[in-house]
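Peer 1: Next up is a structure, given as C-alpha cells.
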Amino acid sequence: MSQSSPCILVIFGASGDLTKRKLVPALFDLYRQKLLPERFAVLGVSRSEYSDDAFRTYMLENVRKYHNGDGLDEALLKRFIAHLYYQAIDTNDAAAYATLKTRLDDLNDERQT
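Counting from 1, position 76 in the sequence shown corresponds to residue 99 in this note's numbering; the numbering is continuous, with no gaps.
The structure is reproduced here in C-alpha cells:
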C-alpha cells in the first residue's frame with residue numbers, strides 16, 4: 024500500500040467522550056497498521072485548557088482504557104501519542120481561529136506536514 028501524504032488532522036471537541044473513547048483509539052489502530060503517513064500530527068481543539076503534554080497524558084490513559092485490540096505495544100503507543108497536540112480555543116469566537124491557524128502553521132513547519 025502506498026503511503027499517504029503528510030497531514031494534520033484537527034479534532035474539534037477533543038476533550039470530549041467521543042475523542043477519548045473512539046477517535047484516538049481508532050487512530051492508534053491505523054498507526055499500528057502503518058496506515059497513517061509517516062509525517063502526521065493530530066491537533067485536538069476544545070475549550071478545556073490542556074498543555075500538549077497534559078493532553079497526551081490524558082489520551083495515553085484513555086487509549087490504554089478503551090483500546091479493544093490485542094495487547095498494547097507500549098513503545099508503539101508512546102510513539103503515536105507524541106504526534107498529538109492540543110489548542111484551547113472558544114469555537115464561538117471568530118478571532119480564535121487566527122490562533123488556530125497560527126498553531127497549524129507552526130505544526131506544519133515543525134512536523135513537515
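Glycine included, C-beta positions come from ideal geometry on N, C-alpha and C. As the structure is a prediction and not an experimental result, all values here were calculated from the model.
Per DSSP, which residues does L31 bridge with? Please list them.
Peer 2: The residue asked about is misnamed: residue 31 is Ile in this sequence, not Leu. DSSP output for I31 lists A64 as bridge partner(s).
Peer 1: At a cut of 8 angstroms, does the stretch 120 to 129 reach the stretch 81 to 89 through at least three beta carbon pairs?
Peer 2: Segments in contact, no.
Peer 1: Just to confirm, is the Cβ distance from A64 to T136 under 8 angstroms?
Peer 2: In this structure, T136 lies closer than 8 angstroms to A64 by Cβ.
Peer 1: State the DSSP-derived secondary structure class of A111, mapped to helix, strand or coil.
Peer 2: Of the three classes helix, strand and coil, the one that applies to A111 here is strand, per DSSP.
Peer 1: Could you compute how far the alpha carbon of K124 sits from the alpha carbon of F103?
Peer 2: Their backbone Cα atoms lie some 23 angstroms apart in a straight line.
Peer 1: Determine, using beta carbons only, whether I112 and V68 come nearer to each other than 8 angstroms.
Peer 2: For I112 and V68, yes; Cβs fall inside 8 angstroms.
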